[in-house]
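K.L.:
Sequence lines, in order, name chains E and C. For any residue, its number in the working numbering is found by taking its place in the first sequence, counting from 1, and adding 585. For any residue, its number in the working numbering is found by taking its place in the second sequence, counting from 1, and adding 21. Ideal Cβ placement from N, Cα and C applies to all residues, glycine included. In this text, all values refer to a predicted model and were calculated from it rather than measured experimentally.
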Amino acid sequence: MALLSIMATFWLTIFVIFVMLNRGIWVFTDVSKSMSMFMLEKALGPAVDFVEGRKGSGAKTWIMHGALWLVPSSFFIFSGLWLAHDPTALNSLSSWGYSPSSEELILAGNLTALHGAIAMLLIGAGMHIVPKLGGTTLASERNATLMSFVWTLSVAIMMVGAHSPQLLGIKVLFIGTMIQSLVVFAVLVNQLLTASSRTRKMPLPAWLIIIGLISYPVAISVVAISGELETGLGQWVLVRMVGGAFFFMQIAGVSLYAASIGTGNQLWSRSLSAVILMGAIFTLNPLGDTTGSIAAGLLGLEQGALETSNTDVIAGSFLMALAAIPIIALSSNILVTMRGDDVFVENPDYPGMPEINLGGLMLIPLGIGALFIQTDSITGTNELAGISGTMLIMVVWLLMIPLSLGPALAIFPEVSGRSLLSNIRSRWAFWMMAGGAFSGLLMTLMADFSDMALLELDPESNLDGISKEIRVIGSVLFYGTVIGSILHCLNIISGTFRGSISGADQSTQSTSINQESFKLTSGTTVRKILASGANLDTEVVPTLQTDRPGSQTEL
Amino acid sequence: MEEGAPIEIGEFIQGEGEPATSWLFLVLGFVSSITFLVLYGILYPGNDLPVISSMLPMFEGVFDSGIWFFILGLMVGVFAILGTMLSEVTSE
Chain E
586 MALLSIMATF WLTIFVIFVM LNRGIWVFTD VSKSMSMFML EKALGPAVDF
636 VEGRKGSGAK TWIMHGALWL VPSSFFIFSG LWLAHDPTAL NSLSSWGYSP
686 SSEELILAGN LTALHGAIAM LLIGAGMHIV PKLGGTTLAS ERNATLMSFV
736 WTLSVAIMMV GAHSPQLLGI KVLFIGTMIQ SLVVFAVLVN QLLTASSRTR
786 KMPLPAWLII IGLISYPVAI SVVAISGELE TGLGQWVLVR MVGGAFFFMQ
836 IAGVSLYAAS IGTGNQLWSR SLSAVILMGA IFTLNPLGDT TGSIAAGLLG
886 LEQGALETSN TDVIAGSFLM ALAAIPIIAL SSNILVTMRG DDVFVENPDY
936 PGMPEINLGG LMLIPLGIGA LFIQTDSITG TNELAGISGT MLIMVVWLLM
986 IPLSLGPALA IFPEVSGRSL LSNIRSRWAF WMMAGGAFSG LLMTLMADFS
1036 DMALLELDPE SNLDGISKEI RVIGSVLFYG TVIGSILHCL NIISGTFRGS
1086 ISGADQSTQS TSINQESFKL TSGTTVRKIL ASGANLDTEV VPTLQTDRPG
1136 SQTEL
Chain C
22 MEEGAPIEIG EFIQGEGEPA TSWLFLVLGF VSSITFLVLY GILYPGNDLP
72 VISSMLPMFE GVFDSGIWFF ILGLMVGVFA ILGTMLSEVT SE
């Protein structure tokens, strides 16, 4: 019953917070608002004067940090995959006191990818999307900018902690978590203040981002209050809740917004967006690690053994199976929004669109695969334990990173005022990253299956045969993600300085979620425009027309 | 294009652009290095290259895995990012 009681408390807490936020019965009275603003800026003293408070600077800094974290995270994973077949490859570094194992490198890669790249890209994108959809500005740009550096520091500490969990008797990962918690609190207050000053009703993507942020501290608090934080079950549930709420909901929010703004199509279904929000809260998302080891490590606890009652197994499996609903809803909402009336993605050259399309396509297969692995793990069968590590990396690099990097690239021109330096380089980076991750990890998955089959036949069997050869190819192919990450970083950095300036047309372009304007990318009927929520005052903005012979006439 | 319509033949136009001098020197340097290696192999067959051959043993046991080629690639990428940051910030 432990699982159900934790989940019930979580549902109740999130529901109460959502109602309070949505109905305006919130603690943010005028006094607490000014107190919060004081805490965000003046209370930080001279530190906050080191950063600028220009519009969009917070989101831009977070996105740039997130993009930079892609490079070390992809390289750690590559090195981890390499050391899986050549464990002595980095032995020469032992004279400098550094002799990592494959597991340590993959843990470092996953932590930097999840907390560095993905989380920073999502928070950065959220800092642009929430104010935009609320018709307001971010409460404190200076605090947002400053906090990005503190968050980066916490990720760097986590990176060290993945290699050396204890230094001088101090649990390094826990220090990283503590620092990160402070930043989450600051970001949350910043976003809540922003939401409280909204001038219009905010669409669901903004709520997905805010509730996703809130659910992070709520999930930890609920498991801690239930007294299950030190048990294997509590740690496992915490991983599921943080993965399903903090990451999944934010990913859903930013990718739905970007799918609409990048293609100029209206968001396909509002009811599906509501299903995603409700489904992410009321189910257990199977995407992610099969154990609670990450939660235990980050909270400085010993990993507990996963001991479950029959009720826990049934409830857990049922809630994970139900998670297919928000996953399918998100996938279909993204893909149909991107395609509009056509079978192909409209405006496919817009930066970030290929990434979002890839992530949308991978949601269902990876979701189903993860469900099988999770149910295998929670029931104690452990027949698929051999592929769970590779599956986690696939979820990170083929789903979470595309669905966080893509939206960040799509909103970058609006955030920074300049376009990316080159759309062609962006496309190259996508193919390198997606191709490297897909082919490399597929090869590694094949090697995992081969090892599992051999071990099943003979537990003493030597695994240096064919699977080792496949792992070599897999790790070399995965190097494409490192090159893709570097290309993306170069494109973003150069774009910030030399990218073409986003004109008035581009800076004011908006998604059909915001009904001030409607982007017309292809011929459509007035009925469809009105059905998307537009009214007689909505500005219809034609895009991508040219008067070259054989092309559409420029209006 | 309609069937049977006359095909327009484009006019040949000659530009006035020239390759950058830096690229010229890079290519010349590359060709000179290759020429030197070929000549050295013909003139002193079987002999080790001066300086380079005496330096290579220093790296034995250090770069003894293929992963180092990839690490070298990463280092180039990281320095490219740092270089881009510095040059973009300082350029006018």
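Looking at the strands, I want to know which residues DSSP matches up with Ala1003 of chain E.
P.N.:
Before going on, a small fix: residue 1003 of chain E reads as Arg here, not Ala. E:Ile1086, per the DSSP bridge assignment.
K.L.:
With 8 Å set as the bound, which would you pick, yes or no: does the beta-carbon of Val740 of chain E sit closer than that to a beta-carbon of chain C?
P.N.:
Chain C contact via Cβ: absent.
K.L.:
Closer than 8 Å, CB to CB, is Ser86 of chain C near chain E or not?
P.N.:
So, interface residue.
K.L.:
Does Asp1090 of chain E come within less than 8 Å of chain C when only Cβ atoms are used?
P.N.:
Because the pLDDT of Asp1090 of chain E is 45, which lies under 50, any placement of that residue in the model is unreliable, and the number read from its coordinates should be weighed accordingly. No - not a single Cβ of chain C is within 8 Å of the one on Asp1090 of chain E.
K.L.:
Give the straight-line distance between the Cα atoms of Gly87 of chain C and Glu689 of chain E, rounded to the nearest whole angstrom.
P.N.:
Cα to Cα, Gly87 of chain C sits roughly 20 Å from Glu689 of chain E.
K.L.:
Distance, Cα to Cα, Ile958 of chain E vs Thr875 of chain E?
P.N.:
Rounded to whole angstroms, Ile958 of chain E to Thr875 of chain E spans 7 Å at the Cα level.
K.L.:
In chain C, what lies closer than 9 Å to Ala674 of chain E by C-beta?
P.N.:
Those within 9 Å of Ala674 of chain E in chain C are Asp85, Ser86, Gly87, Ile88, Trp89.
K.L.:
If you count every other CB in all the chains shown that lies within 10 Å of the CB of Thr1093 of chain E, and 16 or more means buried, which is it?
P.N.:
Bear in mind that the predicted position of Thr1093 of chain E carries a pLDDT of just 40, short of 50, making it too unreliable to give a figure here.
K.L.:
When you compare only the Cα positions, how much space is there between Thr530 of chain E and Gly651 of chain E?
P.N.:
Outside the displayed span of chain E (586 to 1140) sits residue 530 of chain E, for which this structure offers no information.
K.L.:
Val656 of chain E CB to nearest chain C CB: under 8 Å?
P.N.:
Closer than 8 Å: yes.
K.L.:
Would you say Glu81 of chain C lies against chain E (beta-carbon separation less than 8 Å)?
P.N.:
No, because no Cβ of chain E sits closer than 8 Å to the Cβ of Glu81 of chain C.
K.L.:
Please state whether DSSP places Ile30 of chain C in a helix, a strand or coil.
P.N.:
Residue state, collapsed to three classes: coil.
K.L.:
Who are the neighbours of Ala41 of chain C on chain E, taking C-beta pairs under 7 Å?
P.N.:
Those within 7 Å of Ala41 of chain C in chain E number zero; the least Cβ separation is about 18 Å.
K.L.:
Which chain C residues sit within Cβ distance under 7 Å of Tyr1064 of chain E?
P.N.:
What Tyr1064 of chain E touches in chain C: Phe91.
K.L.:
Does any residue of chain C bring its CB to less than 8 Å from the CB of Phe660 of chain E?
P.N.:
Yes, Phe660 of chain E counts as interfacial toward chain C.
K.L.:
Measuring CB to CB, does Val740 of chain E end up less than 8 Å from Gly701 of chain E?
P.N.:
Contact flag set, yes.
K.L.:
My guess is that Pro595 of chain E and Ala804 of chain E are in contact by the Cβ rule of under 8 Å, so how many angstroms apart are they, rounded?
P.N.:
Note that residue 595 of chain E is Phe in the sequence shown, not Pro. Indeed they touch by this definition, with Cβ atoms about 6 Å apart.
K.L.:
Could you check which residue in E:Ile591, E:Leu773, E:His713 has the C-alpha nearest to that of Leu606 of chain E?
P.N.:
Ranking the options by Cα distance to Leu606 of chain E, first place goes to E:Leu773.
K.L.:
Would you please verify whether the beta carbon of Ile1086 of chain E is less than 8 Å from any beta carbon of chain C?
P.N.:
It does not: the Cβ of Ile1086 of chain E has no partner Cβ on chain C nearer than 8 Å.
K.L.:
Does DSSP classify Gln1091 of chain E as helix, strand or coil?
P.N.:
At Gln1091 of chain E the pLDDT is 45, less than 50, meaning the model places this residue with poor confidence; the figure from the coordinates comes in the next sentence. Three-state result, Gln1091 of chain E: helix.
K.L.:
Within its chain, find whatever has a CB closer than 8 Å to the CB of Ile941 of chain E; leave out the 5 residues flanking it on each side and keep chain order.
P.N.:
Ser840, Ala843, Ala844, Gly847, Ile919, Met923, Pro987, Leu988, Gly991, Pro992, Ala995, listed in sequence order.
K.L.:
Using the three-state DSSP reduction, which class does Phe603 of chain E fall into: helix, strand or coil?
P.N.:
Three-state DSSP puts Phe603 of chain E in a helix.
K.L.:
What three-state label does DSSP hand Phe929 of chain E in the structure shown?
P.N.:
Of the three classes helix, strand and coil, the one that applies to Phe929 of chain E here is coil, per DSSP.
K.L.:
If the criterion is Cβ atoms closer than 8 Å, does the pair Ala859 of chain E and Pro911 of chain E meet it?
P.N.:
No.
K.L.:
Leaving aside the five residues before and after Ala632 of chain E along the sequence, list all residues of the same chain whose C-beta is less than 8 Å from its C-beta, in chain order.
P.N.:
Counting only Cβ-Cβ distances below 8 Å, and skipping sequence neighbours, we find Leu731.
K.L.:
Can you give the Cα-Cα distance for Ile1078 of chain E and Ile714 of chain E, rounded to whole angstroms?
P.N.:
Looking at the two C-alpha atoms, the distance is approximately 21 Å.
K.L.:
With 16 as the cutoff for other CB atoms within 10 Å, does Tyr683 of chain E come out buried or exposed?
P.N.:
By the 10 Å Cβ count, Tyr683 of chain E comes out exposed.
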